[in-house]
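Have a look at the structure below before the remarks.
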Amino acid sequence: MGDASATIARPTGRIRLTRRGRVVLTSLAAAPLIALAAWLGLNAGAATASSTPSAASFEYVTVEHGDSLWSLAGTLAPDADPRDVIADVMALNQLETSTVVPGQNIAIPERYTTP
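Going by the UniProt record's numbering, the residue at position 14 of the sequence shown is 14; the numbering climbs one at a time, nothing skipped.
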């Protein structure tokens, strides 16, 4: 019989993508970028800047000897819960404690001031 040599095709080690494969791969890579851009676009309009300063929405009260935030809350808003008034005053003035000293200027939210 004769010698028949068989040639075996060896893979080249390189993957060839079809057009469909390239489209799928590109779509998978682009999807997170498109989602991120859409999310940023939806959140971009939330903040607006103004060139005119806003009017003050508080008044100042000077603490006198014997005053506390509790007594100020009772004087400023007798019908409101003093704890809420104190919390609002502390937040507006960025106070860490409710301790005040005579001569200290305390900003009072507009809703607790008399018109």
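We put the CB at the ideal spot given by N, CA and C, even for glycine. Predicted, not measured: the structure shown is a model, and the values here were computed from it.
Taking one beta carbon from each stretch, the segment 81-101 and the segment 28-46 have fewer than 3 pairs nearer than 8 Å; the two do not touch. In the three-state DSSP reduction, V89 falls in the helix class (H, G or I). Taking a C-beta distance under 8 Å as the contact criterion, F58 and E110 qualify as a contact pair.
The alpha-carbon of T26 is positioned some 14 Å away from that of A35.
A contact between stretches requires three or more CB pairs, one per stretch, nearer than 8 Å, and the segment 14-26 fails this requirement with the segment 59-76. At the C-beta level, V101 and V61 stay beyond 8 Å of one another.
Excluding five sequence positions before and after Y112, the CB atoms of its chain that fall closer than 7 Å to its own CB belong to L76, A77 and V85, given in chain order. Rounded to whole angstroms, L33 and G13 show a C-alpha spacing of 31 Å. DSSP places E59 within a strand segment (E or B) once states are collapsed to three. Taking C-beta separations shorter than 8 Å and ignoring five residues to either side along the sequence, the partners of P82 in its chain run W70, A73 and G74, following chain order. Rounded to the nearest whole angstrom, the CA to CA distance from T114 to D67 is 19 Å.
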